[in-house]
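In the numbering used here, the protein residues as written are 0 to 739. Note that CB positions come from ideal geometry on N, CA and C, so glycine has one too.
Laid out in structure tokens, this is it:
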């Protein structure tokens with residue numbers, strides 16, 4: 000598929016970039032349309048609903064919550080607290096009254112005082128004449144005990160006018176019998192009974208008296224007076240007298256009442272409209288409560304969704320233009336895009352569109368009642384699968400663009416804030432994936448990648464939940480944590496499962512393809528063993544030597560082994576011209592041709608091998624190694640033979656076409672190829688001879704400048720040299736001679 004795709008990209012050129020961008024934009028529009036497109040509903044009060052509406056998300060019904068809280072406040076009774084001030088005020092008032100009456104009783108009066116009081120109170124002339132007739136003179140001195148009941152009351156009322164307002168108000172509430180009692184008692188009785196009444200009032204008002212219990216307290220006072228035998232004859236008058244002084248001692252406390260009301264309101268659980276809950280059933284009448292809930296979710300205001308839809312469409316267009324600009328080097332349409340950028344555009348579009356489709360599917364599940372289903376989106380697959388095939392820039396652009404577009408899909412256009420949790424989770428997990436990719440943790444080290452990925456992701460879950468004030472003791476908090484954990488595990492499983500196929504599609508040297516090519520039953524290898532068995536054996540030895548050496552320096556050992564299997568398939572065209580395939584007793588065919596012709600046959604196996612690989616659709620990475628495994632080295636044997644003939648010789652005619660090795664794997668195969676072939680010429684396989692052979696070959700390649708195009712370091716060359724020495728020594732170890 001990779002080759003067919005490359006041919007299509009090369010054929011279409013710039014049009015391919017535009018086509019892929021447009022297809023991606025249309026795909027995003029198709030997926031997001033249903034989420035952002037505003038709908039028109041025919042909802043009205045007392046009208047029958049024509050559809051069933053479910054709550055698209057869980058929201059608080061603030062108006063209903065406030066109704067419940069107000070109801071809770073109304074159920075709290077007024078708080079009344081005992082107030083000693085009430086007792087003190089009433090006792091002080093009683094003492095004032097007794098002091099006033101006592102002052103009136105103890106004062107000396109004259110007949111003129113009575114006359115003045117009578118005139119002031121509007122007595123008639125006849126009553127005044129009768130009053131005067133009882134006096135011997137106007138200056139006659141009168142004592143309280145000498146006064147009649149009417150005269151006492153006259154002086155009492157006259158003195159009261161000069162008293163305080165509180166006493167005047169109290170006097171109005173006293174019945175005649177209660178007032179006359181204190182005017183008629185002798186001084187001793189007055190003192191005793193007034194003291195008793197003050198004590199009795201103080202005791203009574205020391206208790207908590209509610210407004211509804213004043214009558215009960217008066218009954219207790221009546222009983223107390225009945226029990227006090229010396230006052231029983233005055234019981235009725237005393238009870239009537241004390242009644243105005245008995246007031247509630249429990250006083251309304253507004254501050255405490257408000258506090259309890261607010262506590263009761265705070266204890267009320269918020270009223271929620273749960274996600275998936277039916278707001279109105281098809282065929283039911285819409286009442287005021289239903290209409291309010293529909294308004295709460297925005298079903299009565301289509302303008303909210305319309306503006307969000309416009310923004311979403313603008314984002315898709317901006318995303319398309321951004322991709323086009325990046326992949327055409329700033330809209331340089333006259334310059335054909337490189338094959339790498341075209342492949343990067345393809346990978347970007349496939350991954351972006353695929354993840355967006357998964358997001359839409361999860362959003363549908365969430366609307367259908369699977370709460371927080373969108374937390375399962377494996378967004379980390381984006382950096383893990385895309386960035387290695389494109390660039391870090393493309394990965395960041397895609398991650399940001401995806402999250403911004405997802406905001407509109409997940410918000411369901413009515414409450415964008417509720418989408419922040421999954422979006423923040425996407426950002427965290429995506430950035431962790433970017434960090435791992437940048438650190439190259441995933442390269443050939445899946446056993447190291449899995450714990451690193453899981454560990455970093457787990458570190459983000461708890462802070463994220465706490466940052467959104469999620470209580471892990473609640474079902475919702477535990478559900479969200481569980482879905483995040485499931486996301487992490489699913490991402491690992493998907494990555495390990497999909498990456499080989501993903502690599503196979505977009506990477507010619509993908510692990511899955513190489514594993515298939517490593518099968519020794521491959522037609523090319525079977526053809527090689529039939530036509531050139533010596534070359535086949537040589538290739539197997541080179542594969543073992545080079546794969547071990549490459550693994551020692553951290554390279555791709557699988558690619559090295561497979562490339563070694565096929566690096567000499569070109570020798571199948573002229574197998575007998577290569578000494579390893581020449582049977583014993585058969586004359587070497589090179590003796591029958593000129594040195595220049597022999598050199599052309601020897602160097603031609605590289606070109607022939609690449610053509611055979613192309614015919615069998617082998618990966619370009621293996622073809623490149625076939626081109627490079629001899630570099631531009633000189634075919635010395637035939638070059639020197641040609642020089643001995645005495646004719647002018649051009650050294651370029653005896654060199655391989657190249658290019659020089661451009662990867663570590665190709666360089667190591669070049670060395671191992673020469674070492675394996677040269678090792679057969681050793682007369683003895685001692686440690687010193689093997690070390691001299693390997694060291695000499697490496698020094699010769701370095702002197703010939705064969706490693707100038709690859710990033711093989713001096714230290715890595717030493718590691719390769721040591722590995723090859725061990726490999727050759729193990730190939731030619733001595734054996735025990737068994738007795739005949």
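Separation of residue j from residue i, as counted between CA atoms
i, j, result
"residue 381", "residue 306", "29 Å"
"residue 231", "residue 218", "14 Å"
"residue 727", "residue 699", "18 Å"
"residue 694", "residue 676", "14 Å"
"residue 220", "residue 265", "44 Å"
"residue 556", "residue 550", "5 Å"
"residue 395", "residue 12", "26 Å"
"residue 252", "residue 71", "19 Å"
"residue 426", "residue 16", "28 Å"
"residue 34", "residue 451", "36 Å"
"residue 180", "residue 236", "7 Å"
"residue 389", "residue 339", "8 Å"
"residue 182", "residue 146", "10 Å"
"residue 287", "residue 32", "31 Å"
"residue 474", "residue 369", "14 Å"
"residue 68", "residue 259", "12 Å"
"residue 48", "residue 278", "10 Å"
"residue 7", "residue 276", "51 Å"
"residue 575", "residue 587", "8 Å"
"residue 655", "residue 629", "7 Å"
"residue 151", "residue 94", "20 Å"
Residue of the options minimising C-alpha distance to residue i
i, options, result
"residue 718", "483, 611, 544, 245", "544"
"residue 489", "371, 115, 424, 376", "376"
"residue 311", "667, 27, 681, 674", "27"
"residue 660", "580, 499, 709, 531", "709"
"residue 512", "599, 666, 79, 500", "500"
"residue 665", "541, 581, 729, 156", "541"
"residue 690", "357, 722, 468", "722"
"residue 778", "684, 433, 498, 391", "Any answer about residue 778 is impossible in this case: the structure gives the chain only from 0 up to 739."
"residue 632", "398, 401, 706", "706"
"residue 523", "585, 482, 254, 617", "617"
"residue 263", "580, 593, 64", "64"
Exposure label - residue i; buried when at least 16 CB within 10 Å
i, result
"residue 74", "exposed"
"residue 649", "exposed"
"residue 635", "exposed"
"residue 535", "buried"
"residue 702", "exposed"
"residue 45", "exposed"
"residue 515", "exposed"
"residue 283", "exposed"
"residue 326", "buried"
"residue 243", "buried"
"residue 492", "exposed"
"residue 646", "exposed"
"residue 713", "exposed"
"residue 160", "exposed"
"residue 18", "exposed"
"residue 704", "exposed"
"residue 686", "exposed"
"residue 570", "buried"
"residue 498", "buried"
"residue 467", "exposed"
"residue 740", "With the chain covering only 0 through 739, there is no way to say anything about residue 740."
"residue 391", "exposed"
DSSP bridge partner residues for residue i (one or two, in chain order)
i, result
"residue 59", "271"
"residue 81", "249"
"residue 633", "654"
"residue 108", "141"
"residue 53", "277"
"residue 47", "284"
Proximity test, residue i beta-carbon vs the ligand HEM heavy atom, cut-off 7 Å
i, result
"residue 260", "For the structure depicted, the ligand HEM is absent and the ligand set is empty, with no information on it obtainable."
Cutoff 8 Å: residue i Cβ touching any chain D Cβ
i, result
"residue 201", "Among the chains in the structure shown there is no chain D, since it carries only a single protein chain."
- What are the complete beta strand (DSSP E) segments, minimum 3 residues, inside the stretch 643-697? none
- Message: Which complete beta strand (DSSP E) runs does the stretch 481-523 hold, if anything under 3 residues is left out?
- Response: none
- Enumerate, from N- to C-terminal direction, the unbroken beta strand (DSSP E) stretches of 3 or more residues contained entirely within the stretch 592-622. none
- Query: Taking the runs of the alpha helix (DSSP H) that are 4 residues or longer, which of them lie wholly in the stretch 526-598?
  - Reply: 532-551, 556-565
- Message: So within the stretch 169-230, which uninterrupted alpha helix (DSSP H) runs reach at least 4 residues, ignoring any that extend past its ends?
- Response: 175-183, 186-204, 213-226
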